[in-house]
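Colleague:
There are 2 protein chains.
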Amino acid sequence: MKRRILYPGTPPVILGCATVGGRREKEGPFGALFDLTDKTDRFRKKTWETAEAEMQRLALCKALEKTGKSAMEIDALFAGDLINQCAASVFGLVNVPAPFFGIFGACSTLTEGLTLASLALENPGVSLTAVVTSSHNCSAERQFRSPLEYGGQRPPTSQWTVTGAGAYLLSGRAEEGCCARVTALLPGIAVDSGLTDSSNMGAAMAPAAADTFLSYFAESGERPEDYDLIVTGDLGAEGSSLFLEFLAENGCPNVKNHEDCGALIYDRKRADVHSGGSGCGCAGTMLANRYLPLLLRGEKRRILFAATGALMNAASVQQGLSIPGIAHLVRLESPENGKEKI
Amino acid sequence: MKRRILYPGTPPVILGCATVGGRREKEGPFGALFDLTDKTDRFRKKTWETAEAEMQRLALCKALEKTGKSAMEIDALFAGDLINQCAASVFGLVNVPAPFFGIFGACSTLTEGLTLASLALENPGVSLTAVVTSSHNCSAERQFRSPLEYGGQRPPTSQWTVTGAGAYLLSGRAEEGCCARVTALLPGIAVDSGLTDSSNMGAAMAPAAADTFLSYFAESGERPEDYDLIVTGDLGAEGSSLFLEFLAENGCPNVKNHEDCGALIYDRKRADVHSGGSGCGCAGTMLANRYLPLLLRGEKRRILFAATGALMNAASVQQGLSIPGIAHLVRLESPENGKEKI
Chain A
9 MKRRILYPGT PPVILGCATV GGRREKEGPF GALFDLTDKT DRFRKKTWET AEAEMQRLAL
69 CKALEKTGKS AMEIDALFAG DLINQCAASV FGLVNVPAPF FGIFGACSTL TEGLTLASLA
129 LENPGVSLTA VVTSSHNCSA ERQFRSPLEY GGQRPPTSQW TVTGAGAYLL SGRAEEGCCA
189 RVTALLPGIA VDSGLTDSSN MGAAMAPAAA DTFLSYFAES GERPEDYDLI VTGDLGAEGS
249 SLFLEFLAEN GCPNVKNHED CGALIYDRKR ADVHSGGSGC GCAGTMLANR YLPLLLRGEK
309 RRILFAATGA LMNAASVQQG LSIPGIAHLV RLESPENGKE KI
Chain B
9 MKRRILYPGT PPVILGCATV GGRREKEGPF GALFDLTDKT DRFRKKTWET AEAEMQRLAL
69 CKALEKTGKS AMEIDALFAG DLINQCAASV FGLVNVPAPF FGIFGACSTL TEGLTLASLA
129 LENPGVSLTA VVTSSHNCSA ERQFRSPLEY GGQRPPTSQW TVTGAGAYLL SGRAEEGCCA
189 RVTALLPGIA VDSGLTDSSN MGAAMAPAAA DTFLSYFAES GERPEDYDLI VTGDLGAEGS
249 SLFLEFLAEN GCPNVKNHED CGALIYDRKR ADVHSGGSGC GCAGTMLANR YLPLLLRGEK
309 RRILFAATGA LMNAASVQQG LSIPGIAHLV RLESPENGKE KI
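These protein sequence lines are chains A and B, in that order. Just so it is clear: in the first sequence, position 310 is 318 by this note's numbering, and no numbers are missing. Just so it is clear: in the second sequence, position 44 is 52 by this note's numbering, and no numbers are missing.
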């Protein structure tokens with residue numbers, strides 16, 4: 009199977025970012041790093057769906073403010089979420105005067121967007137792109153499972169959909185103060201392992217994550233230890249252990265530098281989140297709250313980051329279809345990390 | 009507002025395409041041009057949703073067969089539909105061994121995909137891309153409105169969701185027998201006119217279509233009459249007349265060369281489709297069945313083609329939100345149409 013790592017002609021830079029989160033996210037270990045939070049999770053809106061849309065709007069506005077850019081400078085805006093027909097993105101960003109591309113990669117949406125935003129920058133007419141992604145625990149529960157009021161029990165393998173939104177601005181030209189460079193891309197292939205348990209998304213996504221990372225190492229000739237960190241989106245505790253097993257079975261044993269956004273975003277001893285966090289807002293906020301600061305401060309120099317998605321809808325689960333997974337990988341390097349690479 | 013027409017460095021070519029349709033589509037004026045049809049609309053599947061997924065698979069397989077390409081040669085596959093979480097694309101294409109990008113632009117998905125597939129080809133690692141899109145009347149009715157058995161009445165402004173799928177293969181290098189060149193792109197901006205009538209999608213989309221075409225003419229200095237055809241996706245009869253009014257009010261009166269896929273796909277005198285066809289499968293099949301053959305045979309040389317989408321979901325309509333529209337434009341030129349352009 010052909011897997012070609014894509015190297016942008018000139019590595020785009022992530023100029024800046026912003027994150028918005030809910031109560032439980034604020035209480036997590038990275039809670040202080042959100043730009044905006046609302047302990048009611050409602051963001052002054054009447055429905056969970058419009059609250060999620062508002063989080064996308066707030067995240068993008070804050071990212072623009074932090075970078076000194078205007079929405080009218082955005083040449084291509086990539087946005088997606090878990091809500092049917094990408095409605096959080098549509099209604100959150102409808103008044104942004106920028107070309108709008110709805111994308112869907114379930115919880116892999118962040119890196120699907122970063123990939124497309126990086127590729128678009130290769131056109132000389134495109135100089136600034138944006139990626140926005142979100143999830144909201146209450147809109148996701150209502151749509152995919154049961155209304156919150158139902159109070160259904162959740163098995164230990166289940167994950168907690170993050171109430172969060174992240175916005176990222178990318179430029180084709182290095183600028184002062186940028187967070188990171190995007191130096192390589194490996195878009196994911198959907199992997200169907202035949203799993204049907206919608207309470208164990210980590211297991212459904214782990215094979216896709218392993219496929220993407222193993223393909224990356226095979227194509228590049230590199231190894232996990234060549235990186236400061238290899239990061240997955242929201243495999244959770246369950247999916248992460250499967251992911252490491254798959255790597256070990258395929259020539260990458262004893263990986264010590266793996267982190268998973270879903271396993272880290274909450275204090276799992278205190279918060280009742282079972283296997284960890286999930287949703288587009290998980291990787292969507294953790295990249296900005298944890299990993300870009302590490303690169304910006306030079307504490308880490310090279311990170312492989314792959315958000316992971318479980319591809320399904322409520323009807324497909326009810327009709328007994330399996331849950332394919334997907335993982336899109338981006339290679340991120342600290343902004344000052346020499347120009348000899350690529 | 010910044011609207012920048014994007015010119016691909018080397019115009020990508022549409023190498024080939026294929027279409028799949030249902031009974032009513034086969035009975036329409038372009039029915040004989042479908043590569044595959046099934047008069048049961050079921051495509052040997054047990055559910056409407058899996059039937060739609062099968063249509064995507066069949067369309068891509070047929071397009072690959074017609075162009076002599078293999079799925080493993082595809083560097084980036086862009087696919088979308090109207091089903092929640094792009095499930096027709098996911099389950100139709102999950103076994104295609106190619107990097108998968110889910111996209112959502114409602115009925116504008118075809119040209120959103122052609123835009124991204126063209127931009128991706130600017131990366132030297134990408135040489136073949138694919139776009140697949142679909143809609144199915146029965147899966148759309150069940151999801152957005154009522155199950156077919158309910159037999160709800162439909163107002164005259166309503167449209168009929170096309171049961172159809174189209175697949176397109178694009179290459180960065182001109183090859184013998186290609187259908188058309190993609191010589192310019194103008195991605196759409198979401199336009200919210202405050203309309204809330206989900207039985208009149210044409211009116212919701214017409215302002216976005218007008219915005220995209222008027223921006224194109226303003227930026228390029230060209231006029232509608234500089235083209236052989238200006239084509240919209242699925243405004244239907246109602247939306248088309250509004251679209252032409254908007255053009256007339258903004259300096260483009262008496263446009264004689266406009267066609268709308270939705271207004272043409274059915275014989276509206278015979279078929280009970282009210283304002284015309286709609287859905288991702290409308291523009292998704294009409295580009296291949298009507299417009300690419302015109303370009304290939306040299307009967308038309310330059311076409312502006314914009315699929316149009318209404319951005320909403322069932323919950324947003326129930327919650328009283330408006331229905332924004334969007335239209336992504338691609339400029340298509342006949343394959344032999346001199347290299348002096350661009």
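For glycine and all other residues, C-beta sits at the position ideal for the given N, C-alpha and C.
Could you check what DSSP says for B/A335 in three-state terms: helix, strand or coil?
Modeller: Along the second sequence, one-based indexing puts residue 335 of chain B at 327. Strand at B/A335.
Colleague: Note down, in chain order, every chain B residue with its Cβ under 9 Å from the Cβ of A/Y15.
Modeller: Translated into the one-based positions of the first sequence, residue 15 of chain A becomes position 7. Near A/Y15 (Cβ distances below 9 Å), the residues of chain B are N131, P132, G133.
Colleague: For a test of the three-state rule: what should DSSP assign to B/D234, helix, strand or coil?
Modeller: Working through the second sequence from its first residue, we reach residue 234 of chain B at position 226. Helix, per DSSP.
Colleague: Using the C-alpha atoms, what's the distance from B/T171 back to B/A61?
Modeller: On the second sequence, position 53 is the one that residue 61 of chain B refers to. On the second sequence, position 163 is the one that residue 171 of chain B refers to. Taking the straight line from one Cα to the other gives about 11 Å.
Colleague: Check the Cβ of B/R12 against every Cβ in chain A and list those closer than 7 Å, keeping chain order.
Modeller: As a position in the second sequence, residue 12 of chain B is number 4, starting the count at 1. In chain order: D83, G133.
Colleague: In whole angstroms, give me the CA-to-CA distance for B/D46 and B/A26.
Modeller: In the second sequence, residue 46 of chain B corresponds to position 38, counting from 1. In the second sequence, residue 26 of chain B corresponds to position 18, counting from 1. Near 15 Å, if we compare the C-alpha coordinates of B/A26 and B/D46.
Colleague: Just to check my reading of the structure: A/G113 and A/V139 have Cβ atoms closer than 8 Å, yes? What is that Cβ distance to the nearest angstrom?
Modeller: To locate residue 113 of chain A, count along the first sequence from 1; it is residue 105. To locate residue 139 of chain A, count along the first sequence from 1; it is residue 131. No, A/G113 and A/V139 are not in contact; Cβ-Cβ is about 11 Å, not under 8 Å.
Colleague: Could you give the residue range of the alpha helix (DSSP H) that holds A/E257?
Modeller: Residue mapping note: residue 257 of chain A aligns to position 249 of the first sequence, counting from 1. Looking at the DSSP string, the run of the alpha helix (DSSP H) that includes A/E257 is 244 to 257.
Colleague: Roughly how many angstroms lie between the CA atoms of B/V21 and B/S116, to the nearest whole one?
Modeller: Here residue 21 of chain B refers to the residue found at position 13 when the second sequence is read from its first residue. Here residue 116 of chain B refers to the residue found at position 108 when the second sequence is read from its first residue. Their backbone Cα atoms lie some 20 Å apart in a straight line.
Colleague: Can you have a look at A/Y176 and say buried or exposed, based on whether 16 or more other CB atoms are within 10 angstroms of its CB?
Modeller: The count along the first sequence starts at 1 and reaches residue 176 of chain A at position 168. The residue is buried, with at least 16 neighbouring Cβ atoms inside 10 Å.
Colleague: What's the call for A/D219, buried or exposed, on a 16-neighbour Cβ count within 10 Å?
Modeller: Counting from one through the first sequence, the residue named residue 219 of chain A turns up at place 211. Flag for A/D219 reads buried.
Colleague: State yes or no: is the beta carbon of A/P215 nearer than 9 Å to at least one beta carbon in chain B?
Modeller: Along the first sequence, one-based indexing puts residue 215 of chain A at 207. No, A/P215 lies away from the interface with chain B (no Cβ there is under 9 Å from its Cβ).
Colleague: Output the distance between the C-alpha atoms of A/R305 and B/S228, rounded to the nearest integer angstrom.
Modeller: Here the question's residue 305 of chain A lines up with position 297 in the first sequence. Here the question's residue 228 of chain B lines up with position 220 in the second sequence. The alpha-carbon atoms of A/R305 and B/S228 are separated by roughly 45 Å.
Colleague: Since B/D268 is in the beta strand (DSSP E), which residue starts that stretch and which ends it?
Modeller: For the purposes of this step, residue 268 of chain B is identified with residue 260 of the second sequence, where counting begins at 1. Where B/D268 is concerned, the enclosing beta strand (DSSP E) stretches over 266 to 268.
Colleague: Let's test the definition: count the other Cβ atoms within 10 Å of the Cβ of A/P132 and tell me whether it reaches 16, buried, or not, exposed.
Modeller: Residue mapping note: residue 132 of chain A aligns to position 124 of the first sequence, counting from 1. By the 10 Å Cβ count, A/P132 comes out exposed.
Colleague: If you reduce the DSSP assignment to three classes, tell me which class B/C186 lands in.
Modeller: Locating residue 186 of chain B in the second sequence gives position 178, where the first residue counts as 1. In the structure shown, B/C186 sits in coil (DSSP, three-state: anything other than H, G, I, E or B).
Colleague: If you run the structure through DSSP and keep just helix, strand and coil, what is B/G289?
Modeller: For the purposes of this step, residue 289 of chain B is taken as residue 281 along the second sequence, with counting starting at 1. In this structure, B/G289 counts as helix in the three-state DSSP scheme.
Colleague: Provide the residue span of the alpha helix (DSSP H) that contains A/R6, from first to last.
Modeller: Absent from the structure is residue 6 of chain A, since the part of chain A shown begins at 9 and ends at 350.
Colleague: If we define contact as Cβ-Cβ less than 9 Å, is B/V21 a contact residue for chain A?
Modeller: Taking the second sequence and counting its residues from 1, the one referred to as residue 21 of chain B is at position 13. Output row for B/V21: interface = no.
Colleague: Check each residue of the segment 88 to 107 of chain B: if its Cβ is closer than 9 Å to any Cβ of chain A, include it; give the result in chain order.
Modeller: Cβ contacts with chain A come from G88, L90, I91, N92, Q93, C94, A95, S97, V98, F99, L101, V102, N103, V104, P105, A106, P107.
Colleague: Among A/T191, A/L85, A/P155, which has the Cα closest to the Cα of A/S135?
Modeller: Here residue 135 of chain A is taken as the residue at index 127 of the first sequence, counted from 1. The residue with the shortest Cα to Cα distance from A/S135 is A/L85.
Colleague: Cα separation between A/C269 and A/D234?
Modeller: Here residue 269 of chain A corresponds to residue number 261 of the first sequence, with the count starting at 1. Here residue 234 of chain A corresponds to residue number 226 of the first sequence, with the count starting at 1. Those two C-alpha atoms are separated by around 20 Å.
Colleague: Given this structure, state the Cα-to-Cα distance separating A/D236 from B/S97, to the nearest angstrom.
Modeller: In the first sequence, the residue the question calls residue 236 of chain A occupies position 228. In the second sequence, the residue the question calls residue 97 of chain B occupies position 89. So the alpha carbons of these two residues sit roughly 36 Å apart.
Colleague: Does the count of Cβ pairs from the segment 73 to 93 of chain B and the segment 255 to 274 of chain B closer than 8 Å reach three?
Modeller: No, because fewer than three Cβ pairs between the segment 73 to 93 of chain B and the segment 255 to 274 of chain B fall closer than 8 Å, the two stretches do not touch.
Colleague: Report back the beta-carbon spacing between A/T141 and A/G241 to the nearest angstrom; my notes put them in contact at under 8 Å.
Modeller: As a working note, residue 141 of chain A is residue 133 in the first sequence. As a working note, residue 241 of chain A is residue 233 in the first sequence. Contact flag wrong, Cβ pair sits at about 11 Å.
Colleague: What is the DSSP secondary structure of B/R310, counted as helix, strand or coil?
Modeller: For this step, residue 310 of chain B is matched to residue 302 along the second sequence. Looking at B/R310 - three-state DSSP - the assignment turns out to be strand.
Colleague: Does A/G113 have its Cβ less than 9 Å from a Cβ in chain B?
Modeller: Stepping through the first sequence from its first residue, residue 113 of chain A is reached at position 105. So yes, A/G113 belongs to the interface.
Colleague: Would B/I273 pass as a contact of B/E33 if the rule is Cβ separation under 9 Å?
Modeller: Against the second sequence, residue 273 of chain B aligns to sequence position 265. Against the second sequence, residue 33 of chain B aligns to sequence position 25. Yes, the Cβ-Cβ distance between B/I273 and B/E33 is below 9 Å.
Colleague: What does DSSP give as the partner residue(s) for A/I111 in the beta ladder?
Modeller: Walking along the first sequence from the start, residue 111 of chain A turns up at place 103. Answer is B/I111, bridged to A/I111.
Colleague: Can you find a C-beta in chain A that's less than 9 Å from the C-beta of B/L329?
Modeller: Residue 329 of chain B sits at position 321 when you count from the first residue of the second sequence. It does: the Cβ of B/L329 has a partner Cβ on chain A nearer than 9 Å.
Colleague: Using a beta-carbon distance below 9 Å, is A/K347 in contact with chain B?
Modeller: Start at 1 with the first residue of the first sequence, and residue 347 of chain A comes out as number 339. Its pLDDT being 44, under 50, A/K347 is placed unreliably by the model, and nothing is read from it.
Colleague: For the putative contact between A/E130 and A/G17, defined by C-beta atoms under 8 Å, what is the C-beta separation to the nearest angstrom?
Modeller: In the first sequence, the residue the question calls residue 130 of chain A occupies position 122. In the first sequence, the residue the question calls residue 17 of chain A occupies position 9. With a Cβ gap of about 6 Å, A/E130 and A/G17 count as contacting.
Colleague: Quick check: A/R309 and A/L300, are their CB atoms within less than 9 Å of each other?
Modeller: Position 301 of the first sequence holds residue 309 of chain A. Position 292 of the first sequence holds residue 300 of chain A. Taking 9 Å as the Cβ cut-off, A/R309 and A/L300 do not qualify as a contacting pair.
Colleague: With respect to the alpha helix (DSSP H) encompassing B/G172, which residues constitute its N-terminal and C-terminal limits?
Modeller: The sequence position of residue 172 of chain B within the second sequence is 164, counting from 1. Note, B/G172: premise wrong, no alpha helix (DSSP H); beta strand (DSSP E) at 172 to 179.
Colleague: For B/G289, count neighbouring C-beta atoms within 10 Å of its own C-beta (all shown protein chains included) and say buried if the count is 16 or more, exposed if not.
Modeller: The residue given as residue 289 of chain B occupies position 281 in the second sequence. Buried is the call here.
Colleague: Interface residues of chain B around A/D200 at Cβ under 8 Å?
Modeller: Counting from one through the first sequence, the residue named residue 200 of chain A turns up at place 192. In chain order: V102, N103.
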